[in-house]
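Participant:
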Ligand SMILES: C[S@@+](CC[C@H](N)C(=O)[O-])C[C@H]1O[C@@H](n2cnc3c(N)ncnc32)[C@H](O)[C@@H]1O
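Residue numbers (the numbering used here): 15 to 264.
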């Protein structure tokens, strides 16, 4: 997948998080796992500027490695950790989720919120599996259809985005077929899309557009963002993020 343009990053670097999500959902998924102590190692993949990484660090005693392929996000997370005195427990790193260079069975938990679409849910289950110790846990949030008959406009938009979207039952089947046992799943509330993502995104995009008159790339990026938000406003009951908590089979 090509990296997004400069204007996209300029907007997304100022956001509290880079995708729909929320602390209660992170903690709800975490609550499905055994308590994570200082002996446990967590890998947060596609961490962005690390809002969920910070939530995991505050809620556990585990050591967390947080990986993203965009250096400014990694730097933002490092600064946040330093400000909160958490730098000794979290290691932010630049890396490619399609080519993670950690030894086999390095982690007790793999975590990835709103990022797996970059390589695809099924492929991630397959290529990240070796990184987990047997019986280790994986938590992934990924877009799913929530209705059997999604509206054509939403379908067309997400197809044009090449979104890997299927229903929850299909995700459950993929989990079972990939050597994992599903422990729990739930859907991210719609408010988490608005309050934590689309409201700040719409605000930042509008400001960026206003401060970059005559910039064709800025116009294209902000128009695309406005369209995405409008599609969700019209059809957000038809799709959402499923949180899937699973354990690696032996
Ligand atoms: C939608 S954001 C989600 C970020 C964060 N987990 C959150 O929920 O706020 C997807 C993240 O994946 C990162 N990313 C994109 N391609 C990647 C790759 N090949 N390897 C690692 N991270 C990648 C992006 O830079 C971005 O931070």
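Cβ atoms here follow ideal geometry from the backbone N, Cα and C, with glycine treated the same way. Owing to the predicted nature of the structure, the values given are computational and were not obtained by experimental measurement.
Excluding the 5 residues preceding and the 5 following residue 112 in the sequence, name in chain order all residues of the same chain whose CB lies nearer than 6 angstroms to its CB.
Facilitator: Residue mapping note: residue 112 aligns to position 98 of the chain shown, counting from 1. 133.
Participant: When you measure from the CB of residue 124 to every non-hydrogen atom of ligand 1, does any distance come out below 8 angstroms?
Facilitator: Translated into positions along the chain shown, residue 124 becomes position 110. Result no, Cβ not under 8 angstroms from ligand 1.
Participant: If I measure Cβ to Cβ from residue 138 and keep anything under 6 angstroms in the same chain, skipping five residues before and after, which residues do I get?
Facilitator: Your numbering for residue 138 matches position 124 in the chain shown. These residues qualify, in order along the chain: 130.
Participant: So for residue 21, helix, strand or coil by DSSP?
Facilitator: On the chain shown, residue 21 is found 7 positions in, with the first residue counted as 1. The answer is helix: DSSP assigns residue 21 an H, G or I state.
Participant: What are the partner residues of residue 194, as DSSP defines its beta bridges?
Facilitator: Working through the chain shown from its first residue, we reach residue 194 at position 180. The partner list for residue 194 (beta bridge, DSSP) reads 262.
Participant: Give the straight-line distance between the Cα atoms of residue 62 and residue 234, rounded to the nearest whole angstrom.
Facilitator: Stepping through the chain shown from its first residue, residue 62 is reached at position 48. Stepping through the chain shown from its first residue, residue 234 is reached at position 220. Approximately 22 angstroms, taken between the alpha carbons.
Participant: Looking only at C-alpha atoms, which of 73, 199, 66 sits nearest to residue 81?
Facilitator: Here residue 81 refers to the residue found at position 67 when the chain shown is read from its first residue. Answer by Cα proximity: 66.
Participant: Alpha carbon to alpha carbon, how far is residue 85 from residue 252? Give it in angstroms, no decimals.
Facilitator: Counting from one through the chain shown, the residue named residue 252 turns up at place 238. Counting from one through the chain shown, the residue named residue 85 turns up at place 71. The straight-line gap from Cα to Cα measures roughly 34 angstroms.
Participant: For residue 107, which three-state DSSP category applies?
Facilitator: Against the chain shown, residue 107 aligns to sequence position 93. It is a strand residue.
Participant: Which runs of the beta strand (DSSP E), 3 residues or longer, sit entirely within the segment 68 to 154?
Facilitator: As far as the segment 68 to 154 is concerned, its whole beta strand (DSSP E) runs of at least 3 residues are 77 to 82, 104 to 108, 121 to 127.
Participant: Please state the DSSP three-state secondary structure of residue 162.
Facilitator: Residue 162 sits at position 148 when you count from the first residue of the chain shown. Looking at residue 162 - three-state DSSP - the assignment turns out to be coil, as it is neither helix nor strand.
Participant: Do residue 258 and residue 202 have their C-beta atoms within less than 9 angstroms of each other?
Facilitator: Within the chain shown, residue 258 is the residue found at index 244, counting from 1. Within the chain shown, residue 202 is the residue found at index 188, counting from 1. No, these two residues do not count as a Cβ contact at 9 angstroms.
Participant: Out of curiosity, what's the CA-to-CA distance linking residue 114 and residue 226?
Facilitator: In the chain shown, residue 114 corresponds to position 100, counting from 1. In the chain shown, residue 226 corresponds to position 212, counting from 1. One C-alpha to the other measures close to 37 angstroms.
Participant: Can you list, in chain order, the residues of its chain whose CB lies under 7 angstroms from that of residue 207, leaving out five sequence neighbours each side?
Facilitator: Walking along the chain shown from the start, residue 207 turns up at place 193. The answer, listed in chain order, is 34, 246, 250.
Participant: According to DSSP, is residue 189 helix, strand or coil?
Facilitator: Within the chain shown, residue 189 is the residue found at index 175, counting from 1. Residue state, collapsed to three classes: helix.
Participant: Answer yes if the segment 144 to 155 comes into contact with the segment 116 to 126, meaning at least three C-beta pairs across the two stretches below 8 angstroms, and no otherwise.
Facilitator: Yes: at least three Cβ pairs fall under 8 angstroms.
Participant: Can you give me the Cβ contacts of residue 211 inside the same chain, cut-off strictly under 6 angstroms, excluding the 5 residues immediately before and after it?
Facilitator: Here residue 211 refers to the residue found at position 197 when the chain shown is read from its first residue. Contacts found: 34.
Participant: I'd like to know whether the C-beta atoms of residue 215 and residue 179 end up nearer to each other than 9 angstroms.
Facilitator: In the chain shown, the residue the question calls residue 215 occupies position 201. In the chain shown, the residue the question calls residue 179 occupies position 165. Their beta carbons are not under 9 angstroms apart, which means residue 215 does not touch residue 179 by this criterion.
Participant: How big is the Cα-Cα spacing for residue 28 and residue 218?
Facilitator: Locating residue 28 in the chain shown gives position 14, where the first residue counts as 1. Locating residue 218 in the chain shown gives position 204, where the first residue counts as 1. So the two alpha carbons sit approximately 8 angstroms from each other.
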